[in-house]
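Here the sequence shown stands for residues 1 to 429, where the numbers follow the UniProt record's numbering.
Accompanying notes for the structure given below.
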Amino acid sequence: MSVKRNPYAWNRKANMVFLDSPAGVGFSQPVLNASDYYDDVTAARSREFLERFLALYPQYTNRDFYITGESYAGMYIPFLVHQLVTEPVAGLHLTGFAIGNPYTDQKIDDSSYMDYYYSHGLISIETYEAVQKNCKPEERWLCQDYYPGCSDLCAATYREADWSMDDGDMDLYYIYGDVCRLQSNQTQALKYRGSIRPLTHRGVVGPCADTFTNAYLNLPVVLEAIHVDKGQSYADCSDPVGAMYTSSLTVLDKYPVILNAGLKALIYSGDADSVVNFIGTQRWLATDVGLNLTATEKWSSWFGPDKQLAGYTETYGNVTFKTVKGAGHMVPATRPLHGLYMFECFLYSNRACTAFAYPKDPSEYLSGADLTAPTKDEGGVIEGAVWWWVGIAAAVAVGIAVCVVVFKSKTKKTQYVELTAGSKPTYST
């Protein structure tokens, strides 16, 4: 079993440092007490990590620094950014943040499910109208997870909707994708790995990517190579931490302070994700149930480097909202080219990223794309050293990681270092 370089990796023009957070997820140890698993505590410890990281590697101080992540990062990131704004870390030049399919407000996000299901052909008009008739707007978020406070009539209506769409046999995080039918064990997973088609920028990742990843990261040779202590194992989600974690109902109260700090923000949504879907996200961004931001640049299309329509965008001052057409909950996995292009345009400016080279595949020629034509200019300027040095952090969902990224110098080649267990690596600036 071997791995190959991902041509759509988000660190091709950025250095990333990954932090398993909170403690107990990924390979991190130990599992703590329930009192340690709150969003404000997680943010405080992530802030502490950033302090220690810059103390160990002072060459990365005072560079532009971004935070990005997806899913429950919709909670993690605003909590962390709020702390960094109100209690700045010396040498940390916080510049902006980006969050994909962000879980932000449980009432708003969960109330949008049935609207998404109906608009995407997953439930019938009869079922949708039954929801409108039998469920009060204020109880729909409760009924989505059958919480106390959901009336019996509305709960029955929601169960009928779940049954009719056969939600147990579809990937709600990527409604156009298949579900993995492999058993979750290493032998079975690795047996079939060779038959999976290679990744293309059309998003051919395959439904069993998580199974293969878990199997690979638990191979003894891999554990030894990445210096994991013997006896530890990897899981993409930590059940013990998840069971103890107290999630916030909303993080919207953190945004006024964050937005007043003048930070650049990108909120993006893969439009094939039904779980944290673009309908709920637009509602908390631009309606009076949420932040009620005013659009400064109206809704318009945006295009990828393959000259294909990649989604739609709207801007609210320093906040940009983008949909990624055909992408699921994990945008980089399901639309890797457009995800990478969006990411690099956010960091370097729309005009700067049009000068970058991006991977191509034969389907571009089948679509008739003129690969030599200039990409649609979405505005923006190259501002001096903006695309020379930048720093980035990424906070991802529970059980995944918090990442910190520092831009490479475009004038120097990437350098790799041999890591020895127990030693501190030295990086070139």
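Cβ atoms here follow ideal geometry from the backbone N, Cα and C, with glycine treated the same way.
Keep in mind it's a predicted model, so treat the numbers as computed, not measured.
Simplified DSSP state of residue i, which is helix, strand or coil
i           : result
residue 311 : strand
residue 16  : strand
residue 316 : strand
residue 230 : coil
residue 300 : strand
residue 437 : Coverage of the chain is limited to positions 1 through 429, which leaves residue 437 absent and any answer about it impossible.
residue 334 : helix
residue 213 : helix
residue 133 : helix
residue 289 : coil
residue 161 : helix
residue 324 : strand
residue 356 : coil
residue 65  : strand
residue 53  : helix
residue 82  : helix
residue 432 : Outside the modelled stretch of the chain, which goes from 1 to 429, sits residue 432, for which no answer is possible.
residue 175 : coil
residue 306 : coil
residue 281 : helix
CB contact flag (residue i, residue j, <8 angstroms)
i           : j           : result
residue 241 : residue 31  : yes
residue 321 : residue 267 : yes
residue 213 : residue 180 : no
residue 309 : residue 298 : no
residue 58  : residue 42  : no
residue 430 : residue 49  : Nothing about residue 430 can be reported from this structure: the residues present for the chain run from 1 to 429 only.
residue 89  : residue 258 : no
residue 246 : residue 38  : yes
residue 361 : residue 323 : no
residue 171 : residue 177 : yes
residue 144 : residue 110 : yes
residue 174 : residue 74  : no
residue 316 : residue 296 : yes
residue 70  : residue 330 : yes
Rounded straight-line distance, which links the Cα of residue j to that of residue i
i           : j           : result
residue 294 : residue 282 : 12 angstroms
residue 44  : residue 251 : 15 angstroms
residue 159 : residue 130 : 12 angstroms
residue 25  : residue 72  : 14 angstroms
residue 140 : residue 352 : 44 angstroms
residue 27  : residue 136 : 44 angstroms
residue 115 : residue 277 : 10 angstroms
residue 216 : residue 307 : 35 angstroms
residue 332 : residue 208 : 16 angstroms
residue 244 : residue 33  : 8 angstroms
residue 291 : residue 248 : 17 angstroms
residue 238 : residue 20  : 11 angstroms
residue 260 : residue 319 : 11 angstroms
residue 377 : residue 336 : Residue placement at residue 377 cannot be trusted, given a pLDDT of 45 that sits under 50; the coordinates are not used to answer.
residue 289 : residue 269 : 19 angstroms
residue 357 : residue 112 : 38 angstroms
residue 121 : residue 147 : 26 angstroms
residue 16  : residue 47  : 16 angstroms
residue 12  : residue 138 : 45 angstroms
residue 220 : residue 162 : 41 angstroms
Residues near residue i in its chain [Cβ-Cβ closer than 6 angstroms; skip 5 each side]
i           : result
residue 134 : 153, 154, 157
residue 105 : 250, 252, 284
residue 54  : 61, 91
residue 287 : none
residue 142 : 149, 150
residue 94  : 65, 84
residue 10  : 343
Residues near residue i by beta carbon distance below 7 angstroms, same chain, minus five either side
i           : result
residue 7   : 359
residue 132 : none
residue 451 : Past the edges of the chain, shown from 1 to 429, lies residue 451, and the structure says nothing about it.
residue 128 : 114, 118
residue 40  : 79
residue 222 : 216
residue 313 : 300, 302, 320, 321, 322
beta-carbon residue i near the ligand GDP non-hydrogen atom, thresh 7 angstroms
i           : result
residue 256 : In terms of ligand content, the structure shown is empty, and the ligand GDP therefore cannot be addressed.
Residues near residue i in its chain [Cβ-Cβ closer than 8 angstroms; skip 5 each side]
i           : result
residue 164 : 123, 124, 127
residue 233 : 218
Below 8 angstroms, can you find three or more Cβ-Cβ pairs linking the stretch 277-292 to the stretch 98-113?
The stretch 277-292 and the stretch 98-113 touch, with no fewer than 3 CB-CB distances between them shorter than 8 angstroms.
Pairs of beta-carbons, one from the stretch 289-308 and one from the stretch 341-361, closer than 8 angstroms: are there three or more?
Remark: three or more beta-carbon pairs, one from each stretch, lie closer than 8 angstroms, so the stretch 289-308 and the stretch 341-361 are flagged as touching.
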